[in-house]
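Presented below is the structure to which this report refers.
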Amino acid sequence: MEPMHHAGDSMGCYEKAIVKELARLPSIVFGVTLRWDTKYVAEFVAVANSSRITTELPAWFSQPRGQITANGFMSDTMASLKQVAGGLAREDDLAPNTMMQSDNIYKRLGHIEMDPFVQACIAELKSETYLASVLIRYECPGFGSHPANFQPPPSPYRLVFR
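Structural data, given as structure tokens:
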């Protein structure tokens, strides 16, 4: 592959802008907020407690089958996410995080979503069911936010977080 520049070449405006933006990345902090859909979480928990699902509970669940509560499930999920986050962890929010920590949170959300037990439970619910919307917040130096808009996993798996 041909290098973008040869020794002694000066950078163009585009390259200078990219370098400037890349230099700012370490100073940007991110927050990740989960907006739980309590109706769907309650339905998910009812299925999780039922005898219809024979898949083993994930290791990050703190409550045994039959005793899982909506609050317990949401708390366990946030505790699992907190393990890879860098900032404070509140009921539905993880902040502040570096870009790398935010990426780790998104990866962990993917691991939770693809867990066999979680997929078995969500498969029992309506196709439009999701447990939480994920909101990405950032400060660089101004504030902003936007929905994560995760792509659905490949079929036959179901989207759990959107």
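Residue numbering for the sequence shown follows the working numbering, beginning at 2 and increasing consecutively.
Glycine is no exception: its CB is placed at the ideal position from the N, C-alpha and C atoms.
Take the Cβ of residue i as the centre, count every other Cβ of all protein chains shown within 10 Å, and call the residue buried at 16 or more, exposed below.
i, result
"arginine 138", "buried"
"serine 128", "exposed"
"phenylalanine 74", "buried"
"glycine 145", "exposed"
"leucine 89", "exposed"
"alanine 96", "buried"
"threonine 39", "exposed"
"alanine 60", "exposed"
"threonine 56", "exposed"
Look up residue i in the DSSP assignment and give the residues it is bridged to.
i, result
"aspartate 104", "DSSP, once it has assigned bridges, lists no residue as partnering aspartate 104."
"glutamate 140", "Val30, Phe144"
"aspartate 94", "Thr34"
My guess is that residue i and residue j are in contact by the Cβ rule of under 8 Å, so how many angstroms apart are they, rounded?
i, j, result
"alanine 86", "isoleucine 106", "6 Å"
By Cβ distance, which residues of its chain are closer than 8 Å to residue i, with the 5 residues on each side in sequence left out?
i, result
"histidine 147", "Leu136, Ile137"
Tell me which same chain residues have a C-beta within less than 6 Å of the C-beta of residue i, skipping the five on either side of it?
i, result
"serine 134", "Arg36, Arg163"
"tyrosine 41", "Thr130, Leu132"
Compare the C-beta of residue i against all C-beta atoms of chain D and say whether one is closer than 8 Å.
i, result
"phenylalanine 162", "The structure shown has no chain D; it contains just one protein chain."
Near residue i, which residues of its chain fall below 7 Å by C-beta distance, leaving aside the five closest residues on each side in sequence?
i, result
"glutamate 103", "Note that residue 103 corresponds to serine in the displayed sequence, not to glutamate. Closer than 7 Å at Cβ, skipping near neighbours: Phe31, Val33."
4 or more residues per run - each alpha helix (DSSP H) lying fully within the region 17 to 81:
Listed in chain order, they are 39 to 50.
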